[in-house]
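Right, one structure below, let's go through it.
Protein chains: 2
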Amino acid sequence: MYDPLLLPELREMLIENDARAMQEFCEVFHSGVIAENLEALSAPECWAVLSHTDLRRRVEIFEFLSLPRQMELVATLDKTHLSALLEEMSSDDRVALLKNMDPAQVELLMPLFAQAERGDIRKLLSYPEHSAGSIMTTDYASLPEGITAREALAQLRSQAPDRETIYYVYVLDHARHLHGFVSLRKLFLARPDALVSELMDKDVISVRVDDDQEVVANKIARYDFIAMPVVDDQGRLVGIVTHDDVLDVVQQEATEDAHLMGAVAPLEDGYLDTPFLTLAWKRGIWLVLLLVAGFGTSEVLSHYNKETERWEWLVWFLPLVLASGGNAGSQSATLVIRALALGQLDRQTQLRIGKRELLTGFVLGATLAFLGFAFASFHVVSADAAVVAGTVALVVTLGTVNGTLLPIALKRLGFDPALMSNPLIASLSDILGVLIYYNVALLALGR
Amino acid sequence: MYDPLLLPELREMLIENDARAMQEFCEVFHSGVIAENLEALSAPECWAVLSHTDLRRRVEIFEFLSLPRQMELVATLDKTHLSALLEEMSSDDRVALLKNMDPAQVELLMPLFAQAERGDIRKLLSYPEHSAGSIMTTDYASLPEGITAREALAQLRSQAPDRETIYYVYVLDHARHLHGFVSLRKLFLARPDALVSELMDKDVISVRVDDDQEVVANKIARYDFIAMPVVDDQGRLVGIVTHDDVLDVVQQEATEDAHLMGAVAPLEDGYLDTPFLTLAWKRGIWLVLLLVAGFGTSEVLSHYNKETERWEWLVWFLPLVLASGGNAGSQSATLVIRALALGQLDRQTQLRIGKRELLTGFVLGATLAFLGFAFASFHVVSADAAVVAGTVALVVTLGTVNGTLLPIALKRLGFDPALMSNPLIASLSDILGVLIYYNVALLALGR
Numbered sequence: 026m027y028d029p030l031l032l033p034e035l036r037e038m039l040i041e042n043d044a045r046a047m048q049e050f051c052e053v054f055h056s057g058v059i060a061e062n063l064e065a066l067s068a069p070e071c072w073a074v075l076s077h078t079d080l081r082r083r084v085e086i087f088e089f090l091s092l093p094r095q096m097e098l099v100a101t102l103d104k105t106h107l108s109a110l111l112e113e114m115s116s117d118d119r120v121a122l123l124k125n126m127d128p129a130q131v132e133l134l135m136p137l138f139a140q141a142e143r144g145d146i147r148k149l150l151s152y153p154e155h156s157a158g159s160i161m162t163t164d165y166a167s168l169p170e171g172i173t174a175r176e177a178l179a180q181l182r183s184q185a186p187d188r189e190t191i192y193y194v195y196v197l198d199h200a201r202h203l204h205g206f207v208s209l210r211k212l213f214l215a216r217p218d219a220l221v222s223e224l225m226d227k228d229v230i231s232v233r234v235d236d237d238q239e240v241v242a243n244k245i246a247r248y249d250f251i252a253m254p255v256v257d258d259q260g261r262l263v264g265i266v267t268h269d270d271v272l273d274v275v276q277q278e279a280t281e282d283a284h285l286m287g288a289v290a291p292l293e294d295g296y297l298d299t300p301f302l303t304l305a306w307k308r309g310i311w312l313v314l315l316l317v318a319g320f321g322t323s324e325v326l327s328h329y330n331k332e333t334e335r336w337e338w339l340v341w342f343l344p345l346v347l348a349s350g351g352n353a354g355s356q357s358a359t360l361v362i363r364a365l366a367l368g369q370l371d372r373q374t375q376l377r378i379g380k381r382e383l384l385t386g387f388v389l390g391a392t393l394a395f396l397g398f399a400f401a402s403f404h405v406v407s408a409d410a411a412v413v414a415g416t417v418a419l420v421v422t423l424g425t426v427n428g429t430l431l432p433i434a435l436k437r438l439g440f441d442p443a444l445m446s447n448p449l450i451a452s453l454s455d456i457l458g459v460l461i462y463y464n465v466a467l468l469a470l471g472r
Numbered sequence: 026m027y028d029p030l031l032l033p034e035l036r037e038m039l040i041e042n043d044a045r046a047m048q049e050f051c052e053v054f055h056s057g058v059i060a061e062n063l064e065a066l067s068a069p070e071c072w073a074v075l076s077h078t079d080l081r082r083r084v085e086i087f088e089f090l091s092l093p094r095q096m097e098l099v100a101t102l103d104k105t106h107l108s109a110l111l112e113e114m115s116s117d118d119r120v121a122l123l124k125n126m127d128p129a130q131v132e133l134l135m136p137l138f139a140q141a142e143r144g145d146i147r148k149l150l151s152y153p154e155h156s157a158g159s160i161m162t163t164d165y166a167s168l169p170e171g172i173t174a175r176e177a178l179a180q181l182r183s184q185a186p187d188r189e190t191i192y193y194v195y196v197l198d199h200a201r202h203l204h205g206f207v208s209l210r211k212l213f214l215a216r217p218d219a220l221v222s223e224l225m226d227k228d229v230i231s232v233r234v235d236d237d238q239e240v241v242a243n244k245i246a247r248y249d250f251i252a253m254p255v256v257d258d259q260g261r262l263v264g265i266v267t268h269d270d271v272l273d274v275v276q277q278e279a280t281e282d283a284h285l286m287g288a289v290a291p292l293e294d295g296y297l298d299t300p301f302l303t304l305a306w307k308r309g310i311w312l313v314l315l316l317v318a319g320f321g322t323s324e325v326l327s328h329y330n331k332e333t334e335r336w337e338w339l340v341w342f343l344p345l346v347l348a349s350g351g352n353a354g355s356q357s358a359t360l361v362i363r364a365l366a367l368g369q370l371d372r373q374t375q376l377r378i379g380k381r382e383l384l385t386g387f388v389l390g391a392t393l394a395f396l397g398f399a400f401a402s403f404h405v406v407s408a409d410a411a412v413v414a415g416t417v418a419l420v421v422t423l424g425t426v427n428g429t430l431l432p433i434a435l436k437r438l439g440f441d442p443a444l445m446s447n448p449l450i451a452s453l454s455d456i457l458g459v460l461i462y463y464n465v466a467l468l469a470l471g472r
């Protein structure tokens, strides 16, 4: 979202090739603001603007561009410029970009990095998607235990230029085992001769490198951290995840879950940036699947329809009965899926809510049945209205239980519970609803 | 979520009244961890544990407790202890607590605060919920323009103990107008005699005090800030919103939207903490509304059913036709609502996607119609299958358009677009679907 005042000015600078104005533009504004306006220009125009500032600033701005845009821009660079750019990038943004590039091209670039950097890159590239390792940066600030606050501040001053944050500093031994944590604020306020080992918190909250990014997000949200240390299975610090990346993760996971719940396969880019055919495909596969489920309902319905022809009113209330079950189920699924995403449901509580939802379903089912009976009585005799009401009570209760248990079952099987979308719950509810409705009718009214 | 190892130990300390162990417990662990374990104890037990540490630490831990828990705990305090606790709390957490208390009780407490503090509290209490003002803190660090980095660091050292963060510092004139922003990192790395006015960024990105909290969240996410300055309409700094509060806002808004989309009125507490009857009510009102919509469908259906008795197969495909429209509509609504929440759709793009969704609906409708025709042909003759297929094409296209436009319309009318829940879209689609289905049939097959 470019600035409607800034962008025309920027275009003018380009036309007039006004070097001083472009240099000022790159310096005065926040890198994020500059990046937003660059998104509206062509790749050569972007480089023309960015050439008026130094490499460090250029990379700062570049890192704020969207990934598709970054890909476009690097495609126009030769190997030397590309490796200089990558060298300067922070380790997490660099890996995100390399992951999107052709692996063969990445291999060609590798020899251009320094030995140590190469190892770092290969390691970071190897972590599975959505793991803590895949979103962390290795540019963290660290200190040994035995020094004083004064020495610590001096060391931080020399580390600072290459670190993602110096506000949280980790205390390590020679083997990089994580012993403690101290904030810059604490060091800054401490007596200069206080020892880091006295100042540091020894109870460090960390995540494992193979933890899911959702775990990282929930922990950082719970403890209000600026960064979260990531350790390997030997307790050695391997990286940190910073607050800004966590915020992106939370928004991204919420979007993914929302899309899944609406029966859309998750989009990789923003809604507007997703090409038409990709979007149609990500919706189409779900719609086709749901259509097949719909034909299941048709099969069942055609079977019963013959037997119940004499009660033509049955059909009138069919959509209502089916919708009630689907709606109650969607509610339960929504509540459970969101609570699972926020890490609020552990194994014990999962059982507890199963019982609670059964009771809720029963209360809601009874209420709706009562109202359903009253409404239906306007059209049909009491015995018939009772069939509608009884079915509503049953489908609502069952819908609630299914809506609760199916996402939990998916989660236990290792799938994303959000796959149990509202439309899918409604589809399953349809088949079940038809079965219940016609059987209740046949049972109550006789064959 | 208490620690299964720590909690029994803590209970033992209480039974043995082991003062030293409790003091250590309050000091060694992260305040968030301590708070989690306190959630499992009774209010008097909590105070028994917390009495073993000083007020500052006690408040730090207290602020990590859930709001319902905080309310329980303050209810057991006398006026003197309560005002000491409130005095020490950070301004945003304090206001959140006071907002939950009985206004009469708040008035009784007011005279206990210092004059300046009282004004601050009243001001913060007055901001509407979900506004930037309602989540900001007034405990920010600020500096005048004319001093050097050395002087700035000295001033920060004295401000630090009472500030929420000292990592972001705001540069103000006498009237508190926001002139610039400088990070502690920059001050810390600068030459000691560099002027703050040279070091600071003059293009400060800020939000207005009456901006919605979603705007704050999206801005902070876009620019990777630790804190965001909040200004009034004269450009004077009135507070800051910090990264941790923004993370809470993002999670809270995503939960609220997810619940609304699943047709559950938003819960104020966590899913497990919400009382049974509250939850039943928040679901029940929606289910009843949707039931009424269902009776609308019944009315329409009963009207057409008489006329179309001879084509008994029409009923077989009724759930399928209705579900297709609802599913396509849910997808569109989900995509649009999420994009609106992330601030990705401005007024221009809203029109653009209207057109795109119409096209998408058309492509999806045609695909589903084709498959629908193939399936239906197993049961009925081609002319009849064509009625099913034609209806599917129409309801999918219309469902897509409705699912897109209705949330946008809600947003423009000043409502939350997420009110257009999947079940509601499905309900509207049901009525429309019945109308289309029977009219297509009557038109194609003759009366």
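Protein sequences, first through last, are from chains S and Y.
Those letters in the first sequence? Residues 26 to 472, per the numbering used here, in order.
Those letters in the second sequence? Residues 26 to 472, per the numbering used here, in order.
All residues carry an ideal CB built from backbone N, CA and C; glycine is no exception.
Everything numeric in this text was worked out from a predicted model, so none of it was measured.
Below 7 Å CB to CB, which residues in the same chain sit around residue i once its five sequence neighbours on both sides are set aside?
i                 : result
ASP18 of chain Y  : An answer regarding residue 18 of chain Y cannot be provided, because it is not within the stretch 26 to 472 covered by chain Y.
THR280 of chain Y : none
Taking the alpha-carbon positions, what's the residue i to residue j distance?
i                 : j                 : result
ALA89 of chain Y  : HIS199 of chain S : Before going further, note that residue 89 of chain Y is Phe rather than Ala in the sequence given. Cα to Cα, PHE89 of chain Y sits roughly 35 Å from HIS199 of chain S.
ILE86 of chain S  : ALA215 of chain Y : 22 Å
SER454 of chain S : HIS404 of chain Y : 23 Å
VAL406 of chain Y : ALA290 of chain S : 35 Å
GLU17 of chain Y  : GLY368 of chain S : It is not possible to answer for residue 17 of chain Y, since the shown part of chain Y is limited to 26 through 472.
LEU30 of chain Y  : GLU37 of chain Y  : 12 Å
LEU316 of chain S : LEU383 of chain S : 29 Å
LEU285 of chain S : ASP371 of chain Y : 24 Å
THR190 of chain S : LEU181 of chain Y : 19 Å
Check for me: the beta strand (DSSP E) holding residue i runs from which residue to which?
i                 : result
PRO254 of chain Y : 252-256
VAL194 of chain Y : 190-197
PHE138 of chain Y : Premise fails: PHE138 of chain Y is in no beta strand (DSSP E) and is neither H nor E.
LEU339 of chain S : Looking at the DSSP string, LEU339 of chain S is not in any beta strand (DSSP E); the run it does join, the alpha helix (DSSP H), is 338-341.
SER402 of chain Y : Premise fails: SER402 of chain Y is in no beta strand (DSSP E) and is neither H nor E.
ALA46 of chain Y  : No beta strand (DSSP E) contains ALA46 of chain Y, which is instead part of the alpha helix (DSSP H) from 44-53.
LEU297 of chain S : Where LEU297 of chain S is concerned, there is no enclosing beta strand (DSSP E), given that its DSSP letter is neither H nor E.
LEU370 of chain S : No beta strand (DSSP E) holds LEU370 of chain S; DSSP gives it neither H nor E.
TYR27 of chain S  : Counting along the chain, TYR27 of chain S falls outside any beta strand (DSSP E), and DSSP gives it neither H nor E.
Return no unless some Cβ of chain S is closer than 8 Å to the Cβ of residue i.
i                 : result
ASN475 of chain Y : The question about residue 475 of chain Y has no answer here: the residues shown for chain Y are numbered 26 through 472.
VAL340 of chain Y : yes
GLN369 of chain Y : yes
MET286 of chain Y : yes
Look up residue i in the DSSP assignment and give the residues it is bridged to.
i                 : result
SER156 of chain Y : Y:ASP237
HIS202 of chain Y : Y:ARG261
ASP226 of chain S : S:PHE206
Which residues in the same chain have their Cβ closer than 6 Å to the Cβ of residue i, if we skip the five residues on either side of it in sequence?
i                 : result
THR416 of chain S : VAL346, ILE461, TYR462, VAL465
GLY57 of chain S  : PHE89
Determine, using beta carbons only, whether residue i comes closer than 8 Å to chain Y.
i                 : result
PHE552 of chain S : Absent from the structure is residue 552 of chain S, since the part of chain S shown begins at 26 and ends at 472.
LEU35 of chain S  : no
GLU337 of chain S : yes
LEU316 of chain S : yes
MET253 of chain S : no
ASP455 of chain S : yes
Ordered along the chain, which non-local residues of its own chain (more than five positions away) have a Cβ less than 8 Å from that of residue i?
i                 : result
THR333 of chain S : LEU339, TYR463, ALA466, LEU467
ALA414 of chain Y : ALA394, PHE395, GLY397, PHE398, ALA401
VAL84 of chain Y  : LEU110, GLU113, MET114
In the DSSP assignment, the alpha helix (DSSP H) including residue i goes from what residue to what residue?
i                 : result
ALA65 of chain S  : Run containing ALA65 of chain S: none; DSSP gives neither H nor E here.
LEU220 of chain S : Neither: LEU220 of chain S is in no alpha helix (DSSP H) and is coded neither H nor E.
LEU90 of chain S  : Per DSSP, LEU90 of chain S belongs to no alpha helix (DSSP H) and is neither H nor E.
LEU285 of chain Y : 268-286
Looking at chain C, is there any beta carbon in it that lies within less than 8 Å of the beta carbon of residue i?
i                 : result
LEU326 of chain S : The question asks about chain C, but that chain is absent: this structure's protein chains are S and Y.
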